[in-house]
Amino acid sequence: MDRTQLLLVGLPLFLFCSDIIQLFAPPPPKPAPHRHPSDSRPLIQQQPPPLEFPIQKDGGIGYGNTVSIDFCSSCSYRGTAVTMKNMLESQFPGMHVVLANYPPPLPKRLLSKVVPIVQFGAIGIIVAGEQIFPRLGFAAPPQWYYSMRANRFGSMASIWLLGNFLQSFLQSSGAFEVYCNGELVFSKLKESRFPGEIELKDLVGRRIANSRVMGAL
């Protein structure tokens, strides 16, 4: 092996070994800070100032008061309820506004559970009435069955749409009731209208003022 080949082989090996040594060698110590000979004062390590976070304080004209807005969710009143909620929270800081569904009366709720059963039963009769009616004791299906059977898909679509409309009507209460600290301040069921934003703000403000006066007494 001549000198050129030895150099080409030895130089990469030398660089590789030096990299391995530097990899496992401990890091060099940090140099001490330079001090003037005449400066005899001890070094004081400066610490960064502590972080200061804003302290959230409970307060506001609406603090401690709760407003409940019970609305008909199936009547698409949620947008109005959210608008009123944002308005009250901005006008009365600290107030807790709760949104909830106002259910319909119990008879309407029970009937709304029956509607899907009637829907599927009517569609089943249209599809397999020729096997169902004999099992029910009929010698032959009635005449209205053949009329609906003639337009099978149109009859099923009409039953489905009519059932959904009836179920939506039975599940709707038409309510938009506003309570402040458990007391009713506005009722759409009684007034047959929605409250205005200024009107609702005044009603809630009066209720808060009255409760403070009663609490002071």
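Numbering (my numbering), first residue to last: 2 to 218. C-beta atoms are modelled at their ideal positions from N, C-alpha and C, and glycine is treated no differently.
| Check | Outcome |
| --- | --- |
| The segment 111-128 contacting the segment 75-91, beta-carbon criterion three pairs below 8 Å | no |
| Serine 156 - DSSP class collapsed to helix/strand/coil | helix |
| Which listed residue (Asn66, Tyr64 and Thr84) has its alpha carbon closest to that of phenylalanine 195 | Thr84 |
| Given 8 Å, three or more beta-carbon pairs between the segment 153-168 and the segment 197-215 | no |
| Asparagine 152 burial status per 10 Å Cβ neighbour count (16 or more: buried) | exposed |
| Tyrosine 180 in three-state terms, based on DSSP | strand |
| Check: aspartate 203 C-beta below 7 Å from any heavy atom of the ligand FMN | The ligand FMN is absent from the structure shown, which contains no ligand whatsoever. |
| Touch test, the segment 155-164 against the segment 60-79, Cβ-Cβ under 8 Å, three pairs minimum | no |
| Methionine 96 versus aspartate 203 - alpha carbon distance | 15 Å |
| Cβ contact check for the segment 133-145 and the segment 176-191: 3 or more pairs under 8 Å | no |
| Coarse secondary structure for leucine 162, derived from DSSP in three states | helix |
| DSSP-derived helix/strand/coil call for isoleucine 118 | helix |
| Supposed close pair lysine 109, leucine 171 - CB separation, criterion 8 Å | 5 Å |
| Span separating the alpha-carbon of phenylalanine 154 from that of lysine 189 | 41 Å |
| Delimiting residues of the beta strand (DSSP E) encompassing asparagine 102 | 97-102 |
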